[in-house]
Structure formats: C-alpha cells, structure tokens
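Peer 1: My questions all concern the structure below.
There are 2 protein chains.
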Amino acid sequence: MSVQSVDRALDVLEALAEHGGAASLSQIAARTGLPYGTIHRLLRALLDRGYVRQESDRRYALGSTLVRLGGAAERLVGTWARPYLEKLVALSGETANLAVMEGNFVVYIAQAASSRRLRMFAEVGRRVLPHSTAVGKVLLAARPDAAEVLARTGLPRRTPHTVVSAPEMLAELDLVRARGYAADLGEEEPGVHCLAVPVRDGDRVVAAMSVSGPAGRIDALDRAELALGMLAVADDFGAEVGPALRPGRPAPVP
Amino acid sequence: MSVQSVDRALDVLEALAEHGGAASLSQIAARTGLPYGTIHRLLRALLDRGYVRQESDRRYALGSTLVRLGGAAERLVGTWARPYLEKLVALSGETANLAVMEGNFVVYIAQAASSRRLRMFAEVGRRVLPHSTAVGKVLLAARPDAAEVLARTGLPRRTPHTVVSAPEMLAELDLVRARGYAADLGEEEPGVHCLAVPVRDGDRVVAAMSVSGPAGRIDALDRAELALGMLAVADDFGAEVGPALRPGRPAPVP
DNA sequence: AAGAGCTTTCCACGATACGGAAAAGTCCTT
DNA sequence: AAGGACTTTTCCGTATCGTGGAAAGCTCTT
Chain Z
1 MSVQSVDRAL
11 DVLEALAEHG
21 GAASLSQIAA
31 RTGLPYGTIH
41 RLLRALLDRG
51 YVRQESDRRY
61 ALGSTLVRLG
71 GAAERLVGTW
81 ARPYLEKLVA
91 LSGETANLAV
101 MEGNFVVYIA
111 QAASSRRLRM
121 FAEVGRRVLP
131 HSTAVGKVLL
141 AARPDAAEVL
151 ARTGLPRRTP
161 HTVVSAPEML
171 AELDLVRARG
181 YAADLGEEEP
191 GVHCLAVPVR
201 DGDRVVAAMS
211 VSGPAGRIDA
221 LDRAELALGM
231 LAVADDFGAE
241 VGPALRPGRP
251 APVP
Chain Y
1 MSVQSVDRAL
11 DVLEALAEHG
21 GAASLSQIAA
31 RTGLPYGTIH
41 RLLRALLDRG
51 YVRQESDRRY
61 ALGSTLVRLG
71 GAAERLVGTW
81 ARPYLEKLVA
91 LSGETANLAV
101 MEGNFVVYIA
111 QAASSRRLRM
121 FAEVGRRVLP
131 HSTAVGKVLL
141 AARPDAAEVL
151 ARTGLPRRTP
161 HTVVSAPEML
171 AELDLVRARG
181 YAADLGEEEP
191 GVHCLAVPVR
201 DGDRVVAAMS
211 VSGPAGRIDA
221 LDRAELALGM
231 LAVADDFGAE
241 VGPALRPGRP
251 APVP
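Set out below in structure tokens:
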C-alpha cells in the first residue's frame, strides 16, 4: 500500500544517512539490496532536486535541500515544544527531550539543553530502540502491542544495565503504567540516567518527554517529586499540541 | 531523465514546506497541480515512512524523519565548511555564512557564529531572494542568466536601501564581477551590512561565503582588505570541497 | 599497459503507478 | 437536527513508467 519507487528513493536517502551522509553507489547497493541500475536512476532523480550531491570522487552525499526541509520540519516541531522543554530544564537543571514512536523506533524530535557545563549532547533526530531508554519505556507502556514490538526489535544489550529479557521488560512496563513515569538508569549509555513521562492527547499517549544527565546529579533529585512536576508540564503540552503529534496509523510492521 | 513518482513526492514535500510545514490535501493540490488521488497515494507513502505526519484535523505536516535526515545533511555540509567559516569569523569578528543557489533562491547551508554579544541570528536553512543579499549578488553575478532570474523573482523591496530596479542591479553585478566581492548595505535587513565572496570550483562559482553584522562594526573595517582575506579563505574552501557543492541541474523554472 | 572494480547507460518487458470517478466522511448552514 | 457542500479517501482498468540484467565506459591499481 505504498509507492515502490518513492519507498526505494527513501531507502537510498536513509542508506546514505546511515553511512554518515556519504557513500558510493555500491555501498548503497550493499545496504539496500537494490540493483545498481535502479539505485543509479533514483540517485539521478534525487540529484536533480538537490536532495543528493555527487562529490568529485563520484560518491553520493546528502544534499542541501534536505537541510532546508529538515530545518522546516524541526522548526515546526520545535516551536511547539520549546517552551515546555525549557520548563523541564528549569525544573530539573538537566537537558530535556521530546520523543515520539516511529515504527518500532523512538525518535528524538526536539531538545532544550541544560545550561550546565557537563550536559547531554544534542540528539535531535536520533533513533533508538525503545527498550533501553526512559522515553522508549513510556511509549512502549502505552501500547497494547508492546510485546510484539519487542519481539520484532529484540532487546539488544547496550550497557551492563540494559534489560535484555522481554518478560522482565513487560513487567517493568506494568510498573511504568502504574506510577506514571519511567526511568533509565544507565541502560542506554553508561553513567547517564533519565526520567520520562508520557504526553497525552486525551487518553492517548502521543509522545514522551524526558530529562537526562549524569547519574550522580539525576539520582540526587527526588525522583517521585520531579516526575510529578514533569507530568504537569507534559499534560499542559499535550493539551496544547497533542493532536498534532498523533500518528497517522497504528504501527508499521517491518 | 528522472523518476516521475519520486519527483512528485518531492513536489509534495516542498509544497508542504512552502505552506509553513503543514497543509491540507487540497492546498497541496492547488500548489502542485497534481490530481487528488495521486497526492493522496504519495502522502500515504511518505506517511508510512514518517516523512509526513497527519494531524487530527487531517492536515498533513512535515514529519520527524525529515528532522533526522536534515540533521545528518546539515552535519555533513557543516563539517566541511566549519573550519573555513571559523577563519572568516576570526578575520572579521562577525558571523560567517555559506550559501548556495537553489532554483531562483539563495539558501544558507552553514554558519559559524561570531562570539560577540550582538550578533546575527542563526539562519541555516533560510531561503532568500538573491537581489537583496551580498551572497545573492555574488551568486547572481556568476550566472549568465542573471537577468532572467531577476525577471522571474522580481526585486521586492525589503528595506529603504534595497535595489529594486533590474537594470541598476545588473550594473551592480558587473561591479561585483570586476572587484570580486559583493556588499549588502542594509538592503535585506535594516542596520545589517554584509560582505560576500564567491567560492569557486575551478572557474565555476558554486557557492558564496559572507560575513554579516551590525552596520557600524562592518563599516569600520577596511572593506577591500577584508574582501581580499575572505577570497583567500573561499579559494581554499573551493579547492577542497567545491565539487561537492556543484549543482546537478542549471535552474528549475517555477 | 592491461586488468579489476566500479559506475553509467541501454532497452524490451510487464509490473506498477496513474487518475477519473464514486464512495465515505466532515463540517458548515438553514 | 437535518440537509447540503466540501474535502478526503478508496477503487479499478489501462497505459505508462519504472525495472533490472547486461554491456559499455570510466578510473584507479598491479
């Protein structure tokens, strides 16, 4: 139920992105499994529009049109979210993020950085699996099909603390639902702890907001109290812009 | 020599961007001239991949995948350009930008900010008409079809200093070609002056670099001397990464 | 100089996207 | 509330448009 050539063109773009933004035709072929002729034709189409540029060594790289388009998309999402994320920064002193579910992945779509010297690096645009992050757990906890998602993605170990057993994760999701927030205690990145709460549009969870920082500083905070404050911010945000984040369809199966 | 459905899908994305990132199906139809059924099918394909989101009022908006891709593209272009832009900042003390021509527009694709308190705001991703900016004049001066571009875009007045007559602008472009750099003396934004130089790949101008800041500070500098320094930096940059900026096709006519 | 590897072009086939038109849904207006 | 106008979504037969294998053309090694 989609357009083959568009789908493949997007595959090509994403293959480029995963190669750090630049790759040769054969590298793209290896990654996408598409025939050379096809890739070349798609690249020409993207080239004509500035979505891709060709370097002097014939490799292909993501082009400047994407900078503009991505900027527009980011501004769109960012303008809505910024004031609320800044409230979270004020509340916690740590970097705040907004994330949504995209297929089986979690994508960070906006950020407000803490003003502290030691702080989380910008990760707007980053895609991670849900099982090893606080935002992921919140989003997963809201899905009736959480078990299937985990079955599809697996629970790869990211650090010694990552929860790698599906039943254990499902039990933790019950806990998340019960207390209304999720924690990540160095499960995605060693030494980095996070707290996340759901953003609701009515009774539906459409996104998650989190604060993250060095383990020591996060653990020094009263977790339940901070979560309470975060929930208030997230509820305000959800009431204002929730509908705009609502996904078009339930869950694309890979 | 391109793929119809990919081309149209990109038209749809760009139509969305031009509507401020969100638009209804019929608005997209009005802008692209494509039949409803076709647009709907393309939107579904983009929806499935997260390039577009559907809001609760059924309007379509640019999606979060674009944030990720745009970020990757920006990082890519930025990495190449940063060291050179920073040299310009060191040279002038002002914010430096890299811009390319995209169709009839000028797009800023990278920036290095001045460390001064009063400085230009980030404008990566911004699209402006060429006649009212220093980078625009440099890029226009390099095109044999400058007159046609001006005829297509017009020369809308942005400030009291904007040059709004095409013959006058063409005369100024001659001057730009002759002396090798262009100036914008408050023609795009009141009180903001810029100096721009071409980035060459061989004998071809593929981009422009500029420094911009408050009128007083820019005017205090020796313009010819600064331009000379900037040209040296731009030539180095062009020699290293010029080919990657080379546009794929001449100029899409709107 | 010649080869190996990668990129680009070509072309006949048929799968795929097209798009008009009808159905379904939504939102004003009376 | 109910009708009507508009917008969005679905449908389906047809012709077009994209497909991909294979050959030609480059470029950089051995």
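Protein chains in written order, with our numbering: chain Z, 1 to 254; chain Y, 1 to 254.
All C-beta atoms in this analysis are idealised placements derived from N, C-alpha and C, irrespective of residue type, glycine included.
Whole alpha helix (DSSP H) runs in the stretch 158-201 of chain Y with 4 or more residues, listed along the chain?
Peer 2: Entirely contained in the stretch 158-201 of chain Y, the alpha helix (DSSP H) runs reaching 4 residues are, in chain order, 166-179.
Peer 1: Classify L228(Z): buried if its beta carbon has 16 or more other beta carbons within 10 angstroms, exposed otherwise.
Peer 2: When all chains shown are included, L228(Z) counts as exposed.
Peer 1: Return the first residue and the last residue of the beta strand (DSSP E) that L62(Y) is part of.
Peer 2: Run containing L62(Y): 60-62, per the beta strand (DSSP E) assignment.
Peer 1: Give the residues of chain Y in contact with V6(Z), contact being defined as C-beta atoms less than 8 Å apart.
Peer 2: Residues of chain Y passing the Cβ test: S5, V6, A9, L42, A45, L46.
Peer 1: According to the neighbour-count rule (16 or more other Cβ atoms, all chains shown, within 10 Å of its Cβ), is P190(Z) buried or exposed?
Peer 2: By the neighbour-count rule (16 or more Cβ atoms within 10 Å), P190(Z) is not buried but exposed.
Peer 1: List the DSSP bridge partners of Q54(Z).
Peer 2: Y60(Z), per the DSSP bridge assignment.
Peer 1: Give me, in chain order, the residues of the same chain whose beta-carbon lies closer than 6 Å to that of K87(Z); leave out the 5 immediate sequence neighbours on both sides.
Peer 2: Closer than 6 Å at the Cβ level, and outside the excluded window around K87(Z), lie V233.
Peer 1: Q4(Y): buried (16+ other C-beta within 10 angstroms of its C-beta) or exposed?
Peer 2: So Q4(Y) counts as exposed.
Peer 1: Who are the near neighbours of E219(Z) in its chain, counting only those whose CB is closer than 8 Å to its CB and skipping five residues on each side?
Peer 2: Looking at the sequence provided, one finds Asp at residue 219(Z) rather than Glu. Here the set comprises H193.
Peer 1: By the 10 Å Cβ neighbour count, where 16 or more other Cβ atoms means buried, how is Y36(Y) classified, buried or exposed?
Peer 2: Counting Cβ neighbours within 10 Å, Y36(Y) comes out exposed, since fewer than 16 surround it.
Peer 1: Kindly identify the DSSP beta-bridge partner or partners of A263(Z).
Peer 2: Residue 263(Z) lies beyond the range of chain Z shown here (1 to 254); nothing can be said about it.
Peer 1: Does DSSP put P144(Y) in a helix, a strand or coil?
Peer 2: Reduced to three states, the DSSP call for P144(Y) is coil.
Peer 1: What span of residues does the beta strand (DSSP E) with A113(Y) cover, start to end?
Peer 2: It is not in any beta strand (DSSP E) - A113(Y) carries neither H nor E in the DSSP assignment.
Peer 1: Would you call the stretch 204-220 of chain Z and the stretch 99-111 of chain Z in contact, with 3 or more CB pairs under 8 Å?
Peer 2: Yes, they touch.
Peer 1: Taking only beta-carbon positions, decide if S64(Z) is within less than 8 Å of chain Y.
Peer 2: Chain Y, which has a Cβ nearer than 8 Å to the Cβ of S64(Z), makes this yes.
Peer 1: Are the Cβ atoms of E187(Z) and V211(Z) separated by less than 8 Å?
Peer 2: Going by C-beta atoms, E187(Z) is not nearer than 8 Å to V211(Z).
Peer 1: Label L66(Y) either buried or exposed according to how many other C-beta atoms from any shown protein chain fall within 10 Å of its C-beta, with 16 as the threshold for buried.
Peer 2: Classification for L66(Y): buried.
Peer 1: What residue range does the alpha helix (DSSP H) around S24(Y) cover?
Peer 2: That residue, S24(Y), is in no alpha helix (DSSP H); it is neither H nor E in DSSP.
Peer 1: For R204(Z), write down the residues that DSSP places opposite it in a beta bridge.
Peer 2: According to DSSP, R204(Z) bridges with D201(Z).
Peer 1: Between R8(Z) and L34(Z), how many whole angstroms is the CB-CB distance? I'm expecting something under 8 Å.
Peer 2: That belief holds up - the Cβ atoms of R8(Z) and L34(Z) are roughly 6 Å apart, short of 8 Å.
Peer 1: Can you pull the chain Y neighbours of Y51(Z), defined as C-beta to C-beta under 8 Å?
Peer 2: What Y51(Z) touches in chain Y: L10.
Peer 1: When DSSP labels each residue in this structure, what does P264(Z) get in the three-state scheme?
Peer 2: With chain Z running from 1 to 254 in the structure shown, residue 264(Z) is simply not present.
Peer 1: For a quick check, are the C-beta atoms of G21(Y) and A215(Z) less than 8 Å apart?
Peer 2: Not in contact: G21(Y) and A215(Z) (Cβ atoms no closer than 8 Å).
Peer 1: State yes or no: is the beta carbon of A234(Z) nearer than 8 Å to at least one beta carbon in chain Y?
Peer 2: Cβ-Cβ to chain Y under 8 Å: no for A234(Z).
Peer 1: Alpha carbon to alpha carbon, how far is A23(Z) from A112(Z)? Give it in angstroms, no decimals.
Peer 2: Each residue's Cα considered, the two are about 32 Å apart.
Peer 1: Am I right that V89(Z) and V138(Z) are in contact with their C-beta atoms under 8 Å? What's the rounded C-beta distance?
Peer 2: Incorrect: roughly 19 Å between the Cβ atoms, too far for contact.
Peer 1: Cβ of P130(Z) within 8 Å of Cβ of V106(Z)?
Peer 2: In contact: P130(Z) and V106(Z) (Cβ atoms closer than 8 Å).
Peer 1: Please report the residue range of the alpha helix (DSSP H) in which G93(Y) lies.
Peer 2: Run containing G93(Y): none; DSSP gives neither H nor E here.
Peer 1: Does the distance from the CB of G238(Z) to the CB of V176(Z) come in under 8 Å?
Peer 2: Contact flag unset, no.
Peer 1: Between S26(Y) and chain Z, is there a C-beta pair that is closer than 8 Å?
Peer 2: With 8 Å as the cut-off, S26(Y) does not count as an interface residue toward chain Z.
Peer 1: Please indicate yes or no: does the CB of L139(Z) lie closer than 7 Å to some heavy atom of the ligand GTP?
Peer 2: What this structure holds is no ligand at all, so the ligand GTP is not there to describe.
Peer 1: What residues in its chain sit with their C-beta under 6 Å from that of V135(Y), if we drop five residues either side in the sequence?
Peer 2: Only A99, V106, A196, A208, S210 meet the Cβ criterion.
Peer 1: So, is the C-beta of S2(Y) closer than 8 Å to a C-beta in chain Z?
Peer 2: With 8 Å as the cut-off, S2(Y) counts as an interface residue toward chain Z.
Peer 1: For the alpha helix (DSSP H) that R217(Z) lies in, which residues bound it at each end?
Peer 2: 215-219 is the extent of the alpha helix (DSSP H) around R217(Z).
Peer 1: Which chain Z residues are close to M21(Y), counting only those with a beta carbon under 8 Å from its beta carbon?
Peer 2: First, the residue type needs correcting, since residue 21(Y) is Gly and not Met in the sequence shown. Chain Z residues near G21(Y): A72, A73, R75, L76.
Peer 1: State the Cα-Cα distance for the pair L69(Y) and L10(Y), rounded to the nearest angstrom.
Peer 2: In a straight line, the C-alpha of L69(Y) is about 14 Å away from that of L10(Y).
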